[in-house]
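Heads up: the structure comes next, in structure tokens.
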Amino acid sequence: MPIGVFDSGLGGLTILRALQKRLPEQAFTYLGDNANTPYGTRDAYDVFDLTTKSVQTLFDMGCELVILACNTASASALHRMQVSWLPKGEQRVLGVFVPMIENLTRRDWGDNAPPTHTGLENVAVFATRATVESGAFPREMKFRARDVEVVGQPCDGLVDAIEAGDMAKARQLVQGHVATLIKRLPKPQSAVLGCTHYPIVEHMFRRALPESTKLLSQPGIVADATADYLQRHERYAQAGETQYFTTGEVGKVGRLAELFLGHPVDWQKV
Ligand code: DGL
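For the sequence shown, this note's numbering begins at 185 and goes up steadily by one.
Given below as structure tokens:
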């Protein structure tokens, strides 16, 4: 019973890498829907259909716990999946942005106490257009922290540039999107990279943002939250290897995946 890790493409590998580091014995099955990437320019219905199809594939492969290592799917499909799609039983799906918000607002997992003052005044969220337009990040934030201004910046084109391995284009896009954000929020106190592809270009965001801005890294936070979850739900923990699946072209995906993983792995087509 490996843990399933799903993303629209290669971005989820940044989360998988952190999970493997934090839980070296654990078995994982990664699935990237590279044939349909990017999700960030699709509407919520489309994201829901594609996400449920891939999560079902992971369930059929024997995964009982699936991590949506994709903010776009977590923001626009997860709630609907949990309310109306998830089969009754032991199968679970977890998203990636609530752990980040809990970290930002210094809350423990599952702490549903009323919103409090946290000292956090504003936060910039760099994400796909679908994630920003879902409004999920500010909504989840307001459940936990009062008086926090959340400014979302859609980073159009960035996922495509990263999936294509075009780092010069990615740099240009990061600089442009940060400049647009700074016009609306000149001194962000914190900034969140709310797309699992962006840790690959984190150094570009770091350079473009004011030095005083605290930049939050999602992979480590999600890995810690998952380790904590497994301690409380031992039935989902199992030792073993990682397997890599894609809906896309195995050769092309394998070459680009090295950029995310730092080493080659075997990919299988689903
Ligand atoms: N990496 C995903 C995310 O975290 C999806 C990007 C996309 O497919 O547009 O949002």
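All residues carry an ideal CB built from backbone N, CA and C; glycine is no exception.
Figure out for me which residue from 286, 422, 374 has the closest Cα to the Cα of residue 209.
-> As a first step, residue 209 is located in the sequence shown; it is residue number 25 there, counting from the start. Comparing alpha-carbon positions, the option among 286, 422, 374 lying closest to residue 209 turns out to be 422.
C-beta contact flag for residue 225 and residue 350 at 9 Å = As a first step, residue 225 is located in the sequence shown; it is residue number 41 there, counting from the start. As a first step, residue 350 is located in the sequence shown; it is residue number 166 there, counting from the start. Cβ distance not < 9 Å, so residue 225 and residue 350 don't count as in contact.
Return yes when at least one heavy atom of ligand 1 lies under 8 Å from the C-beta of residue 358, else no.
-> For the purposes of this step, residue 358 is taken as the residue at position 174 of the sequence shown. Residue 358: no, Cβ never under 8 Å from ligand 1.
Name the DSSP beta bridge partners of residue 303, please?
-> Counting from 1 along the sequence shown, the entry for residue 303 is found at position 119. According to DSSP, which records beta bridges pairwise, residue 303 is partnered with nothing at all.
Chain-order list of residues whose beta-carbon lies under 6 Å from that of residue 404 (same chain, five-residue window excluded) = For the purposes of this step, residue 404 is identified with residue 220 of the sequence shown, where counting begins at 1. Excluding residues within five positions, the ones whose Cβ falls inside 6 Å are 202.
State yes or no: is the C-beta of residue 252 within less than 9 Å of the C-beta of residue 235?
-> Taking the first residue of the sequence shown as position 1, residue 252 is located at position 68. Taking the first residue of the sequence shown as position 1, residue 235 is located at position 51. In this structure, residue 235 lies closer than 9 Å to residue 252 by Cβ.
Whole-angstrom Cβ separation of residue 362 and residue 389, contact assumed at under 8 Å?
-> Position 178 of the sequence shown, counted from the first residue, corresponds to residue 362. Position 205 of the sequence shown, counted from the first residue, corresponds to residue 389. With a beta-carbon spacing of about 7 Å, residue 362 and residue 389 fall inside the 8 Å limit used to define contacts.
Are the segment 307-324 and the segment 373-390 touching by the rule of at least three beta carbon pairs closer than 8 Å?
-> Contact annotation: the segment 307-324 touches the segment 373-390, with at least three C-beta pairs closer than 8 Å.
Could you tell me if the beta carbon of residue 238 falls within a distance shorter than 8 Å of some heavy atom in ligand 1?
-> As a position in the sequence shown, residue 238 is number 54, starting the count at 1. False, no ligand heavy atom lies under 8 Å from that Cβ.
Whose C-beta lies closer than 6 Å to the C-beta of residue 343 among residues of the same chain, with five residues either side of it excluded?
-> For the purposes of this step, residue 343 is identified with residue 159 of the sequence shown, where counting begins at 1. Hits under 6 Å: 222, 224, 381.
Nearest-angstrom beta carbon gap, residue 401 and residue 372 [assumed within contact, 8 Å] | Counting from one through the sequence shown, the residue named residue 372 turns up at place 188. Counting from one through the sequence shown, the residue named residue 401 turns up at place 217. With a Cβ gap of about 15 Å, residue 372 and residue 401 do not count as contacting.
Candidates 420, 259, 269, 273, of which the one nearest residue 284 by Cα = Here residue 284 corresponds to residue number 100 of the sequence shown, with the count starting at 1. Relative to the Cα of residue 284, the nearest Cα in the group 420, 259, 269, 273 belongs to 259.
Extent of the continuous alpha helix (DSSP H) run through residue 404 = The residue you call residue 404 lines up with position 220 of the sequence shown. For residue 404, the enclosing alpha helix (DSSP H) stretches over residues 402-416.
Return yes when at least one heavy atom of ligand 1 lies under 8 Å from the C-beta of residue 227, else no.
-> Against the sequence shown, residue 227 aligns to sequence position 43. Every heavy atom of ligand 1 is 8 Å or more from the Cβ of residue 227, so no.
Check whether the Cβ of residue 428 lies closer than 8 Å to any heavy atom of ligand 1, and answer yes or no.
-> Within the sequence shown, the letter at position 244 stands for residue 428. For ligand 1, not one heavy atom lies less than 8 Å from the Cβ of residue 428.
Beta carbon of residue 288, beta carbon of residue 188: below 9 Å?
-> Locating residue 288 in the sequence shown gives position 104, where the first residue counts as 1. Locating residue 188 in the sequence shown gives position 4, where the first residue counts as 1. At the C-beta level, residue 288 and residue 188 stay beyond 9 Å of one another.
For residue 451, which beta-bridge partners are listed by DSSP?
-> On the sequence shown, residue 451 is found 267 positions in, with the first residue counted as 1. Residue 451 pairs with 428.
Going by the C-beta, is residue 302 closer than 8 Å to any heavy atom of ligand 1?
-> The residue you call residue 302 lines up with position 118 of the sequence shown. For residue 302, the CB stays at least 8 Å from every heavy atom of ligand 1.
Cβ neighbours of residue 261 in the same chain (closer than 8 Å, five flanking residues each side left out) = Start at 1 with the first residue of the sequence shown, and residue 261 comes out as number 77. Closer than 8 Å at the Cβ level, and outside the excluded window around residue 261, lie 228, 231, 232, 235, 236, 252.
What does residue 335 pair with, by DSSP beta-bridge criteria?
-> By 1-based counting over the sequence shown, the position of residue 335 is 151. DSSP, once it has assigned bridges, lists 308 as partnering residue 335.
Near residue 191, which residues of its chain fall below 7 Å by C-beta distance, leaving aside the five closest residues on each side in sequence?
-> Your numbering for residue 191 matches position 7 in the sequence shown. 216, 253, 254, 380, listed in sequence order.
9 Å Cβ cutoff met for residue 410 and residue 211 | Within the sequence shown, residue 410 is the residue found at index 226, counting from 1. Within the sequence shown, residue 211 is the residue found at index 27, counting from 1. No, these two residues do not count as a Cβ contact at 9 Å.
Taking the C-alpha atoms as reference points, what is the distance between residue 440 and residue 219?
-> What you label residue 440 is simply residue 256 of the sequence shown in a count that begins at 1. What you label residue 219 is simply residue 35 of the sequence shown in a count that begins at 1. Spanning the two alpha carbons is a distance of roughly 14 Å.
Should residue 320 be listed as close to ligand 1, given that the test is whether its C-beta is under 8 Å from any heavy atom?
-> Taking the sequence shown and counting its residues from 1, one reaches residue 320 at position 136. Every heavy atom of ligand 1 is 8 Å or more from the Cβ of residue 320, so no.
Does any heavy atom of ligand 1 sit closer than 8 Å to the C-beta of residue 222?
-> The sequence position of residue 222 within the sequence shown is 38, counting from 1. Correct: residue 222 has its Cβ closer than 8 Å to ligand 1.
Secondary structure at residue 277, three-state DSSP: helix, strand or coil?
-> As a working mapping, residue 277 is identified with position 93 in the sequence shown. It is a strand residue.
Check residue 217 in the structure and name its three-state DSSP category.
-> Translated into the one-based positions of the sequence shown, residue 217 becomes position 33. Coil, per DSSP.
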